[in-house]
């Protein structure tokens, strides 16, 4: 730290101490994020020390209001970039086509959006993945589901549909939560049923895809999991802290499954 920085810190210390006593530690640390935009957010020493003695999270919005959620960091900076070449041709995405456009680009010839609720903006297919007979078999080169399967009670039925509607050689890209708070709005309106592990994901996908055609990657560690549960966003941790992956703390699970082309039986 420079001499100038030390001098400024010393001069500001009495004022900061007064404000901290006036509004309390919790509000003081949150003010550092919302008003001062200090790097490191709420302050790691404070956040992981005294603040753990609390029964309410720092935020309940997954980190959306103040930045990008930590689980989206793993989705957008690691999983989808690793497999973006698979996002091509005819692509089906659940909810919206954000990732189709972001990672598929000019490789995509047709983008479709599936929702159960036809009133969702941009929806091109209204269907329930557990029983979507109206979608023809062997239709899509890629299907993208991010944070969707936890809201479907009959996951095996949904995976059977996805396996059926993929073309031979088509790829299914899925992100599911391992460690996460409940999405209260979704829970109250249509239900949130599952949290997954790498093993449960593999067992489920092996009911539809061959084991050798499934690749599973887990992301997260104890620090990023705690931060995510508190609703902190990705910029409140360093890249080194986010990118340390501990197999015992599966915050986010990414699954890539390929539909094996039909065997050539001609002679």
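Numbering (our numbering), first residue to last: 984 to 1250. Glycine is no exception: its CB is placed at the ideal position from the N, C-alpha and C atoms. Given the structure is predicted, the values throughout are model-derived calculations rather than measurements.
Looking from the CA of residue 1177, the closest CA among 1225, 1075, 1057 and 1130 belongs to 1130. Residue burial is scored here from C-beta neighbours: residue 1093 has fewer than 16 other C-beta atoms within 10 angstroms and is therefore classed as exposed.
About 5 Å separates the Cβ atoms of residue 1096 and residue 1105, confirming a contact at the 8 Å cut-off. Residue 1209 and residue 1245 have their C-alpha atoms roughly 45 Å apart. Using a Cβ distance threshold of 7 Å, residue 1123 and residue 1153 count as a contacting pair. Under DSSP, residue 1041 takes part in no beta bridge, so it has no partner. Shortest Cα-Cα distance from residue 1191 to any of 1109, 1141 and 1161 involves 1141.
Collapsing the DSSP output to three states places residue 997 in a helix.
Residue state for residue 1073 is assigned as strand, using DSSP reduced to three classes.
Per DSSP, residue 1094 is one residue of the beta strand (DSSP E) stretching across 1091 to 1098. The closest CA to that of residue 1240, considering only 1212, 1185, 1206 and 1135, is found on 1185. Distance from the CA atom of residue 1052 to the CA atom of residue 1217, rounded to whole angstroms, is 6 Å. Under the three-state reduction of DSSP, residue 1052 is assigned to strand. Counting other Cβ atoms within 10 Å of its Cβ, residue 1059 reaches 16 or more and is therefore classed as buried. Residue 1226 sits in coil when the DSSP states are folded into three classes, being neither helix nor strand.
In this structure, the straight-line span from the alpha carbon of residue 1160 to that of residue 1147 is close to 24 Å.
Spatial neighbours of residue 1101 in its own chain (CB-CB distance under 6 Å, excluding positions within 5 residues in sequence) are listed in chain order as 1109. Within its own chain, no residue has a Cβ closer than 8 Å to the Cβ of residue 1005 once the five positions on either side in sequence are excluded.
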